[in-house]
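S.K.: Residues in the sequence shown are numbered from 21 upward in steps of one, following my numbering.
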Amino acid sequence: MPSILVVSASPSEKSKTAILAQFVADRLTSMEMEARHLRLRDLPPEALVRADIKDAEVAEAVALLKDADGVVLVTPTYKASYSGLLKVFLDLLPQYALAGKATLPLATGGTLAHALMLDYALRPVLHALGARHSVQGHFVIESVLDPASPDLITDPRYSEMLTQVIGQFDEAVKFAVKSAA
Numbered sequence: 021m022p023s024i025l026v027v028s029a030s031p032s033e034k035s036k037t038a039i040l041a042q043f044v045a046d047r048l049t050s051m052e053m054e055a056r057h058l059r060l061r062d063l064p065p066e067a068l069v070r071a072d073i074k075d076a077e078v079a080e081a082v083a084l085l086k087d088a089d090g091v092v093l094v095t096p097t098y099k100a101s102y103s104g105l106l107k108v109f110l111d112l113l114p115q116y117a118l119a120g121k122a123t124l125p126l127a128t129g130g131t132l133a134h135a136l137m138l139d140y141a142l143r144p145v146l147h148a149l150g151a152r153h154s155v156q157g158h159f160v161i162e163s164v165l166d167p168a169s170p171d172l173i174t175d176p177r178y179s180e181m182l183t184q185v186i187g188q189f190d191e192a193v194k195f196a197v198k199s200a201a
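This is how it looks when you write it as structure tokens:
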């Protein structure tokens with residue numbers, strides 16, 4: 021069974037980004053993948069800022085990423101880029117930490133004006149970290165996210181697009197696992 025690490029990069033305790041990340045983790049689990057949700061906000065801030073990879077919690081997070089066949093990165097959009105929390109985490113990873121892995125970048129934000137952030141800010145970093153295949157990302161406007169809804173996403177267009185990119189990610193992970201065997 022492929023293992024997936026879903027990383028949510030919002031520093032907020034009540035975050036639509038983290039809710040979206042858990043939704044994706046649950047969806048991947050229903051597709052017979054072993055998905056774990058890593059909330060970066062739960063890691064010790066001082067250890068992250070100092071890139072202390074010897075800190076037990078940080079070391080465990082890095083090990084989870086290392087052992088995963090695929091990685092989903094879910095970030096809020098701040099100042100037309102991904103969160104500083106995600107940046108700090110990515111900076112402490114070894115140079116080719118994503119080598120051989122499929123990745124799926126997802127972002128939340130207030131307007132579609134920030135949607136290009138996935139391609140011009142996050143995707144180059146994923147490739148620099150050696151990602152085998154970075155699936156087309158998906159940007160979700162926060163206004164279509166309703167935590168009280170069982171489907172989470174209230175707009176069928178966004179829901180369908182998310183379903184499509186998750187399906188593409190599923191295929192990319194299976195290819196990565198097959199290639200590694």
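Don't be surprised by glycine CBs; every beta carbon is placed ideally from N, CA and C.
1) Using CA atoms only, rank isn't needed, just tell me which of A200, L146, S32, M51 is closest to L107.
2) What is the residue span of the beta strand (DSSP E) that H57 lies within?
3) Could you compute how far the alpha carbon of V82 sits from the alpha carbon of A117?
4) Could you tell me the distance, in whole angstroms, from the CA atom of D4 to the CA atom of L25?
5) For T95, name the three-state secondary structure that DSSP assigns.
6) Put A155 into one of helix, strand or coil per three-state DSSP.
7) Excluding the five sequence neighbours on either side, which residues of its own chain have a C-beta within less than 8 angstroms of the C-beta of K194, listed in chain order?
8) Check whether the Cβ atoms of G129 and E77 lie closer than 8 angstroms to each other.
9) Pick helix, strand or coil for Y116, following the three-state DSSP scheme.
10) Whose CA, out of F109, D46, V92, A196, lies closest to the CA of A71?
11) Can V197 and Q156 be called in contact, C-beta distance under 8 angstroms?
12) Does the distance from the C-beta atom of A122 to that of A192 stay below 8 angstroms?
13) Between the Cα of L182 and the Cα atoms of S101, L142, V92, which residue gives the shortest distance?
14) Please state the DSSP three-state secondary structure of T128.
M.R.: This is what the structure holds:
1) Note that residue 107 corresponds to Lys in the displayed sequence, not to Leu. Distances from the alpha-carbon of K107 to those of A200, L146, S32, M51 put L146 closest.
2) In the DSSP assignment, H57 falls within the beta strand (DSSP E) that extends over 54-59.
3) Taken atom to atom, the span from the alpha-carbon of V82 to that of A117 is near 9 angstroms.
4) What is shown of the chain runs 21 to 201, which leaves residue 4 out entirely.
5) Strand.
6) This sequence places Val at residue 155; Ala is not what is there. DSSP, reduced to helix, strand and coil, places V155 outside both helices and strands of the structure shown, so it counts as coil.
7) Spatial neighbours of K194 in its own chain (CB-CB distance under 8 angstroms, excluding positions within 5 residues in sequence) are listed in chain order as P22.
8) Not in contact: G129 and E77 (Cβ atoms no closer than 8 angstroms).
9) Residue state, collapsed to three classes: coil.
10) The option with the nearest alpha carbon to A71 is F109.
11) At the C-beta level, V197 and Q156 stay beyond 8 angstroms of one another.
12) In this structure, A122 lies near A192, with their beta-carbon atoms less than 8 angstroms apart.
13) For L182, the closest of S101, L142, V92 by C-alpha to C-alpha distance is V92.
14) Strand at T128.
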